[in-house]
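Under the UniProt record's numbering, the first residue of the sequence shown is numbered 1, with each subsequent residue one higher. Glycine residues also receive a C-beta, built at the ideal position from the N, C-alpha and C atoms. Let me begin by presenting the structure, written as structure tokens, before commenting on it.
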Amino acid sequence: MADSGSSTADPTVAGNRYFLITDEDHRGVILVVSIICAAYIPMLLALRGTFTNKNIGLDDGLAVAVSVVGLIHSVLVWIAVSHGLGKSYVDVGASDASSMGRLLLASVVLFLVTLFLTKSCVILLCRKLFSINMKRHRTLCDTMTVVCGLWCLGAILAVTIDCDSLQQLGYRTDFCPTLTKRWSAVAVVDGVTEVLIFLLSLAVVLPLHMSTDRKVSVLLTFAPRLAVIALVGLHAHYIDVTVHSSNPGVEIVTPTIYRQVLVLFAIASAALPALNRGLRKFNTSMGSTWMDTTLSQTSGRGTGQQPTIPLKSLKTNKSSMNRSKRRSMDGDEIDRPDQNPNFRPDKVQHNTTAYWGKAVDPDARSGQSQESQNSEAKIIRKDMQWRVHYENQGPS
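Below, the structure written as structure tokens:
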């Protein structure tokens, strides 16, 4: 019977363990969750790097920064656990409590900074999808980044002003009298910024000329950010539970775990748009790369001159003008319905193929796109439709 009783013992409260989980000690819970979350952060960064290929943008550099901050946040929590975070305050000395309070306060600041950096990653990704000539949309992205930065600064000040480290813990003293209201205000404003970021993604996708299911697939990569609102709200709720708890040393474990999960989820949701291989052919640059390349090549031919674009293919002579007039009067004809119309039977340097109906898949039209061919950096494409017509001109 003795052997049977020992075999069914809870391994978390018996045996040789670094931290035993009891009613008065939940440090092991914090340690397990934080280690798991910290392990996923570099994996997400490495996965993002494989999809980024060699086209590294500002949002990718920011992803590296947020991963480093997230790991430092976890390290601070581990050190705080070694000083007694998650343990009943009856068994925690004043020296350990002072160190634990400072570490917890620093981890809270890094938690808010991490949320801000992940918001900025998503905003900068949206900004990268807008073409250079869409200045109003790019300015909107810059404005959103500033708003999120102000939220981060205001949240740090709201949580830390007139609330020292021991009051953050409630160690042998009362918590800050308005700690719950402070975190509630932070959660509300955070929810507003997340909704605005999602609306920004709508501004990117909805104007594009592509099928509804493809628009939905793009938006689904941004939608998980909305779950951050619920997690931040739950974190604020459990802050209130901790403040009114009779054993705050153990109850503080729950909001600490929520912060760990929030850091991981925020990083993962910010990386989702960059990890979607199925959307890599979308692009809104609309040939801006070709224009920049052409200007740079032609401007390098001479010094002190304005950049020009070669128009050799547009040179015409009298006979070609006469042919154009005859075609405009007689009308262009197509021999077979499955044959592409040939508007320029004479040899030209650049050709344009016209498609009609649904005979050609949209992806096939972008197959020769300079920006989207085998691209893994751009995920939005904007199709352009052209109408070609001839105007009758009388004899000069």
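How far does the alpha helix (DSSP H) with residue i in it reach, from first residue to last?
i, result
"Trp78", "Leu58 to Ser82"
"Ile132", "It is not in any alpha helix (DSSP H) - Ile132 carries neither H nor E in the DSSP assignment."
"His237", "Ala227 to Val243"
"Phe19", "Neither: Phe19 is in no alpha helix (DSSP H) and is coded neither H nor E."
"Pro248", "Pro248 to Glu251"
"Tyr89", "Neither: Tyr89 is in no alpha helix (DSSP H) and is coded neither H nor E."
"Arg48", "Arg27 to Thr52"
Take residue i and list the residues in its own chain whose beta-carbon comes closer than 7 Å to its own, dropping the five residues that flank it on each side.
i, result
"Ala203", "His137"
"Leu234", "Tyr258"
"Ala266", "Thr114, Leu115, Thr118 and Val228"
"Pro255", "His235, Tyr238, Ile239 and Thr242"
"Thr173", "Leu166 and Gln167"
"residue 398", "This structure does not reach residue 398, given that the chain is present from 1 up to 396, and the question cannot be answered."
"Val175", "For the sequence presented, residue 175 should be read as Phe rather than Val. Counting only Cβ-Cβ distances below 7 Å, and skipping sequence neighbours, we find Gln167 and Val243."
"Thr180", "Ile239, Asp240 and Val243"
"Gly49", "none"
"Asp292", "The predicted model places Asp292 with a pLDDT of 43, which falls under 50 and marks its position as unreliable; any figure quoted below should be read in that light. Contacts found: none."
"Leu264", "Cys37, Tyr40 and Ile41"
Could you tell me the distance, in whole angstroms, from the CA atom of residue i to the CA atom of residue j?
i, j, result
"Lys215", "Ala268", "21 Å"
"Ser67", "Ile41", "6 Å"
"Ile239", "Ser211", "45 Å"
"Val90", "Val147", "43 Å"
"Pro224", "Asp96", "39 Å"
"Ala230", "Ser98", "32 Å"
"Val69", "Ala106", "11 Å"
"Trp386", "Leu208", "16 Å"
"Val261", "Val253", "12 Å"
"Ala155", "Val388", "56 Å"
"residue 427", "Thr178", "Nothing in the structure corresponds to residue 427, since the chain is present only between 1 and 396."
"Ala185", "Asp164", "19 Å"
"Leu150", "Asp190", "11 Å"
"residue 404", "Leu85", "The structure shown does not extend to residue 404, since the chain spans only 1 to 396, so no value can be given for it."
"Met43", "Val64", "12 Å"
"Glu194", "Leu20", "39 Å"
"Ala359", "Cys126", "At Ala359 the pLDDT is 45, less than 50, meaning the model places this residue with poor confidence and gives no usable figure here."
"Ala187", "Phe130", "30 Å"
"Leu62", "Ile35", "23 Å"
"Thr139", "Val192", "19 Å"
"Ala39", "Asn247", "30 Å"
"Leu47", "Ser217", "20 Å"
"Val232", "Ala94", "31 Å"
Can you list, in chain order, the residues of its chain with a C-beta nearer than 8 Å to that of residue i? Leave out the 5 residues immediately preceding and following it.
i, result
"Lys87", "Glu24, Asp25, His26, Arg27, Gly249 and Val250"
"Ile72", "Leu110"
"Cys152", "Leu112, Val113, Leu115 and Phe116"
"Val29", "Ile21, Gly86, Val253 and Ile257"
"Cys141", "Ile123, Leu124, Cys126, Arg127, Phe130 and Leu200"
"Asp162", "Cys176"
So, under 8 Å CB-CB, residue i and residue j are touching, yes? Tell me the CB distance rounded to an integer number of Å.
i, j, result
"Val122", "Ile56", "The pair is not a contact, with the Cβ atoms about 17 Å apart (cut-off 8 Å)."
"Val205", "Leu226", "In fact, because the Cβ distance is near 15 Å, the residues do not count as touching under 8 Å."
"Met134", "Leu200", "So it is not a contact: roughly 13 Å between Cβ atoms."
"Gly101", "Leu169", "5 Å"
"Ser74", "Cys37", "7 Å"
Please return the same chain residues whose Cβ sits closer than 6 Å to the Cβ of residue i, not counting the five positions on each side in sequence.
i, result
"Ala270", "Thr118, Cys121 and Val122"
"Tyr171", "Tyr89 and Ala97"
"Lys128", "Gly57"
"Gln373", "For Gln373, the predicted structure reports a pLDDT of 40, less than 50, and the residue's modelled location is therefore unreliable. A value from the coordinates is still provided. Excluding residues within five positions, none has a Cβ falling inside 6 Å."
"Thr52", "Asp60"
"Val33", "Ile257 and Gln260"
"Ser245", "Glu251"
"Leu76", "Leu103, Ala106 and Ser107"
"Arg182", "Ala158 and Val159"
"Leu45", "Ser67"
At a cut-off of 7 Å, is residue i close to the ligand MN when judged by its beta-carbon and the heavy atoms of the ligand?
i, result
"Leu157", "This structure simply doesn't include the ligand MN, nor any ligand for that matter."
(request) Please specify which runs of the beta strand (DSSP E), each continuous and at least 3 residues long, are wholly inside the region 157 to 222, giving them in chain order. (result) none
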